[in-house]
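A quick write-up on the structure given underneath.
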Amino acid sequence: MKYLTEFRDPELARWLLDAIAATASRRWTLMEVCGGQTHAIIRHGLDQLLADQVEFIHGPGCPVCVTPLETIDRALAIAARPEVIFCSFGDMLRVPGSDTDLFTVKARGGDVRVVYSPLDAVGLAEAHPDRQVVFFAVGFETTAPANALAAVTARRRRLANFSMLVSHVLVPPAMSAVATAPGNRVEAFLAAGHVCTVMGTEQYEPLVAAHRMPIVVTGFEPLDLLDGVRHAVAQLEAGRAELANAYRRAVQPAGNPAARAILAEVFTVCDRAWRGIGTIPDSGWRLADAWRDFDAEIRFDVGGLTVAESAACRSGAVLQGLIRPPDCAAFGTTCTPRRPLGATMVSAEGACAAYFQYRRLATAGSAAPDSAGPAAGVEA
Amino acid sequence: MCLGIPGRITEIWDDRGTRMALVDFGGVTRTVCLAYLPDVTVGQYTIIHAGFALTSVDEDAARQTLAMFRELGLLDEELGTAKAEVDR
Ligand code: SF4
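Here it is in structure tokens:
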């Protein structure tokens, strides 16, 4: 497919690897912020190919993984109600709440439906005026424009039976939290390219200035990631800290102005708890006051619920780059994608799931390059 | 939910005031909303998230990036800085 296969060209990848190896005088520690990037790095074995030049710390950019436990429990409580059609993106169904997950609620007779677009949920509300349709509006800045337009469309169509359980998270405050955490080892960020398609690159200028760290806006194909690394390593070697855009074909400096305008209207910034990490100030979006009539938390009175995270799962440490998934005792034994203990094992974008899928057979803790391993995974 | 992938717009229509499109992802087609990309036209590539087109892929920029990578490789060969061990 166009602009997919081209950015997987193994020959060009080799040249980029050469360029990085020729520049790096030591091993640098980079954080790829987005779970989609983590997935691609592990899948294509880029961490193994760059083992001498780069240590990748996997960032918290997986919305499935960081949606707080109490939000999942609220979703479960709402989804179990007989009058409700509960609509969600498919990857939220297996995320464990305190006692159960949406998949189990569905198996027990709850009307839980997977939608591809939040507009499908609005369509369901229109088709079922006698039911309450609730959409589980989670995700980063990438899914927020879609979710905001669902609210706009529902209001335009005067749907009184549509509401949203909103738990959006924002990337830049999380990067600041990583950069200022005691014991932080990250020396440069590969920023999540798709978040920037919405919000632009401007929002990172203050972060570069405040933390004196290179931030390279990076795409998701192997060549994109290698180019992001190349930019970051070049800056680190030269002692520079700048904002660079290595994903120019998709990212404009101002992002998508039409989307930003609707986001600013429908949502308002709030403190947000990140699962396994804790509350990060100003790191989320909730419905703005003028849109609170669509707030499922209020409509179903589930706002008060508070819960405690299970002790067995170390996803918080994984999400902060403190341990790697195989370092968790439950990894691949009591915790697998079929029976996940933590959210990082659920989503394809979760670090635990990525390691389970592509590294289960490799010895835990070994990051050594292996000519027979996934190194060949830069696909033609 | 975040793994947006590029697809090609094959058809555009209006649904009660909202611009919608059919997008081809290498054989699989999906209906997507164009509310945030008012100016795209049939034939253009766009990246989709949760059923919404959020950015169009700049073909020139894509080509330039690939050309730059190629140049980088040629340059390395010229200067003899390429490391043989990468082929191991
Ligand atoms: S392997 Fe499972 S239990 Fe361990 S950190 Fe990952 S999700 Fe949690």
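So the sequence lines, in the order shown, correspond to chains A and B. Going by our numbering, the first sequence opens with residue 66, and the numbers climb by one from there. Going by our numbering, the second sequence opens with residue 30, and the numbers climb by one from there. We treat Cβ as the ideally placed atom computed from N, Cα and C, and that holds for glycine. The model shown is predicted, which means the values in this text are computed figures rather than measured ones.
Legend entry - Beta carbon of A:A186 nearer than 8 Å to that of A:F200: Counting from one through the first sequence, the residue named residue 186 of chain A turns up at place 121. Counting from one through the first sequence, the residue named residue 200 of chain A turns up at place 135. Contact: yes.
Inset, instruction - Look at the alpha carbon of A:L81 and the alpha carbon of A:L255, and state the distance between them as a whole number of angstroms. - result: As a working mapping, residue 81 of chain A is identified with position 16 in the first sequence. As a working mapping, residue 255 of chain A is identified with position 190 in the first sequence. Linking A:L81 to A:L255 through their CA atoms gives a straight-line distance of about 16 Å.
Inset, instruction - Scan the region 104 to 164 of chain A and note each continuous beta strand (DSSP E) run of 3 residues or more that stays entirely inside, going in chain order. - result: As far as the region 104 to 164 of chain A is concerned, its whole beta strand (DSSP E) runs of at least 3 residues are 119 to 126 and 149 to 153.
Inset, instruction - Check whether the Cβ atoms of A:L230 and A:E362 lie closer than 8 Å to each other. - result: Locating residue 230 of chain A in the first sequence gives position 165, counting from the first residue. Locating residue 362 of chain A in the first sequence gives position 297, counting from the first residue. The beta carbons of A:L230 and A:E362 sit closer together than 8 Å.
Inset, instruction - Check the DSSP bridge columns for A:V316 and list the partner residues they point to. - result: Taking the first sequence and counting its residues from 1, one reaches residue 316 of chain A at position 251. Assignment of beta-bridge partners to A:V316 by DSSP yields no partner.
Inset, instruction - Please report how far the alpha carbon of A:P439 lies from the alpha carbon of A:S163, in whole angstroms. - result: Taking the first sequence and counting its residues from 1, the one referred to as residue 439 of chain A is at position 374. Taking the first sequence and counting its residues from 1, the one referred to as residue 163 of chain A is at position 98. With a pLDDT of only 36 at A:P439, under 50, the local geometry of the prediction cannot be trusted, and the value read off the model is given with reservation. A:P439 and A:S163: Cα-Cα distance of roughly 36 Å.
Inset, instruction - Indicate the three-state DSSP secondary structure (helix, strand or coil) for A:L352 in the structure shown. - result: Position 287 of the first sequence holds residue 352 of chain A. Residue state, collapsed to three classes: strand.
Inset, instruction - Might you give, ordered along the chain, the residues of its own chain that have their beta carbon closer than 8 Å to the beta carbon of A:R357, omitting 5 neighbours on each side? - result: The residue you call residue 357 of chain A lines up with position 292 of the first sequence. Cβ neighbours of A:R357 beyond the five flanking positions: I363.
Inset, instruction - Using only alpha-carbon positions, find the residue among A:A172, A:L352, A:R305 and A:H259 that is nearest to B:I76. - result: Start at 1 with the first residue of the second sequence, and residue 76 of chain B comes out as number 47. Among A:A172, A:L352, A:R305 and A:H259, the Cα nearest to that of B:I76 is on A:H259.
Legend entry - Closer than 8 Å at the beta carbon, the chain A residues around B:I76: If you number the second sequence from 1, residue 76 of chain B lands on position 47. H259, T262 and A315, listed in chain order.
Legend entry - Alpha carbon of A:F205 to alpha carbon of A:G248, nearest angstrom: Stepping through the first sequence from its first residue, residue 205 of chain A is reached at position 140. Stepping through the first sequence from its first residue, residue 248 of chain A is reached at position 183. Cα atoms of A:F205 and A:G248: separation of roughly 26 Å, rounded to the nearest angstrom.
Inset, instruction - For A:N453, I'd like the list of residues in its chain whose CB is within less than 7 Å of its CB, leaving aside the five on either flank, ordered along the chain. - result: What is shown of chain A runs 66 to 445, which leaves residue 453 of chain A out entirely.
Legend entry - Cβ-based neighbour list, A:L134, same chain, cut-off 7 Å, excluding 5 preceding and 5 following: Counting from one through the first sequence, the residue named residue 134 of chain A turns up at place 69. Answer for A:L134: G162, S163, R340, V372 and E374, listed in chain order.
Legend entry - Where A:L387 sits in the DSSP three-state scheme: Here residue 387 of chain A refers to the residue found at position 322 of the first sequence. Reduced to three states, the DSSP call for A:L387 is coil.
Legend entry - DSSP-derived helix/strand/coil call for A:Y423: Counting from one through the first sequence, the residue named residue 423 of chain A turns up at place 358. Here A:Y423 sits in helix by DSSP.
Inset, instruction - Measuring only between beta-carbons, confirm whether B:D43 sits less than 8 Å from chain A. - result: Position 14 of the second sequence holds residue 43 of chain B. So, not an interface residue.
Inset, instruction - With 8 Å as the threshold, decide whether the Cβ of A:T208 is near any Cβ in chain E. - result: Looking for chain E here will not work: the only protein chains present are A and B.
Legend entry - Contacting positions in the region 168 to 202 of chain A - beta carbon closer than 7 Å to chain B: Residues passing the 7 Å Cβ filter: Y181, S182, P183 and L184.
Inset, instruction - Could you give the DSSP three-state label for B:L95: helix, strand or coil? - result: Locating residue 95 of chain B in the second sequence gives position 66, counting from the first residue. Helix, per DSSP.
Legend entry - DSSP three-state assignment for A:L82, whether helix, strand or coil: Working through the first sequence from its first residue, we reach residue 82 of chain A at position 17. The answer is helix: DSSP assigns A:L82 an H, G or I state.
Inset, instruction - Would you list the one or two residues that DSSP bridges to A:G204? - result: One-based indexing of the first sequence puts residue 204 of chain A at position 139. When DSSP reads this structure, A:G204 sits in a beta bridge with A:H233.
Legend entry - Any chain B beta carbon closer than 8 Å to A:W350: Within the first sequence, numbered from 1, the residue matching residue 350 of chain A stands at position 285. At a cut-off of 8 Å between C-beta atoms, A:W350 does not count as an interface residue with respect to chain B.
Legend entry - Test: B:G72 CB closer than 8 Å to a CB of chain A: Taking the first residue of the second sequence as position 1, residue 72 of chain B is located at position 43. Closer than 8 Å: no.
Inset, instruction - State yes or no: is the beta carbon of A:E330 nearer than 8 Å to at least one beta carbon in chain B? - result: Working through the first sequence from its first residue, we reach residue 330 of chain A at position 265. No - not a single Cβ of chain B is within 8 Å of the one on A:E330.
Inset, instruction - Please state if the CB of A:V298 and the CB of A:A213 are separated by a distance shorter than 8 Å. - result: Against the first sequence, residue 213 of chain A aligns to sequence position 148. Against the first sequence, residue 298 of chain A aligns to sequence position 233. No Cβ-Cβ contact shorter than 8 Å links A:A213 with A:V298.
Legend entry - Residue-chain proximity (A:A445, chain B), Cβ-Cβ < 8 Å: Position 380 of the first sequence, counted from the first residue, corresponds to residue 445 of chain A. Low confidence applies here, because A:A445 scores a pLDDT of 29, under 50, leaving its location unreliable; read the following figure in that light. Cβ-Cβ to chain B under 8 Å: no for A:A445.
Inset, instruction - For B:Y74, write down the residues that DSSP places opposite it in a beta bridge. - result: On the second sequence, position 45 is the one that residue 74 of chain B refers to. According to DSSP, B:Y74 bridges with B:R37.
Inset, instruction - Would you please verify whether the beta carbon of A:E267 is less than 8 Å from any beta carbon of chain B? - result: Here residue 267 of chain A corresponds to residue number 202 of the first sequence, with the count starting at 1. It does not; no Cβ of chain B falls within 8 Å.
Inset, instruction - Name the two residues that bound the continuous alpha helix (DSSP H) containing A:M278. - result: Counting from 1 along the first sequence, the entry for residue 278 of chain A is found at position 213. Premise fails: A:M278 is in no alpha helix (DSSP H) and is neither H nor E.
Legend entry - DSSP bridge partner residues for A:I345 (one or two, in chain order): The count along the first sequence starts at 1 and reaches residue 345 of chain A at position 280. BP columns for A:I345 point to A:R337.
Inset, instruction - Identify the contact partners of A:L230 in chain B, using a Cβ-Cβ distance below 9 Å as the criterion. - result: Here residue 230 of chain A corresponds to residue number 165 of the first sequence, with the count starting at 1. Here the premise fails: no neighbours, minimum Cβ distance about 15 Å.
Legend entry - Which of helix, strand or coil DSSP assigns to A:C378: Numbered from its first residue, the first sequence carries residue 378 of chain A at position 313. Per DSSP, reduced to three states, the secondary structure at A:C378 is coil, with no helix or strand assignment.
Inset, instruction - Would you mind sorting A:A445 into buried or exposed? The rule is 16 or more other CB atoms within 10 Å of its CB. - result: On the first sequence, residue 445 of chain A is found 380 positions in, with the first residue counted as 1. Model confidence at A:A445 stands at a pLDDT of 29, short of 50, so the residue's coordinates are unreliable; what they give is reported in the following sentence. So A:A445 counts as exposed.
Inset, instruction - State whether the region 64 to 75 of chain B contacts the region 85 to 93 of chain B, with contact taken as three or more CB pairs (one from each stretch) at a distance under 8 Å. - result: Taking a contact to require three or more Cβ pairs closer than 8 Å, the region 64 to 75 of chain B and the region 85 to 93 of chain B qualify as touching.
Legend entry - Residue nearest to A:P405 in terms of C-alpha spacing, selected from A:D74, A:R173, A:D166 and A:T132: Here residue 405 of chain A refers to the residue found at position 340 when the first sequence is read from its first residue. Minimum Cα distance to A:P405 is reached at A:D166.
Inset, instruction - Select from the region 300 to 314 of chain A all residues with a C-beta closer than 8 Å to any C-beta belonging to chain B, and list them in chain order. - result: Only those residues of the region 300 to 314 of chain A whose C-beta falls short of 8 Å from the nearest C-beta of chain B are listed: R313 and R314.
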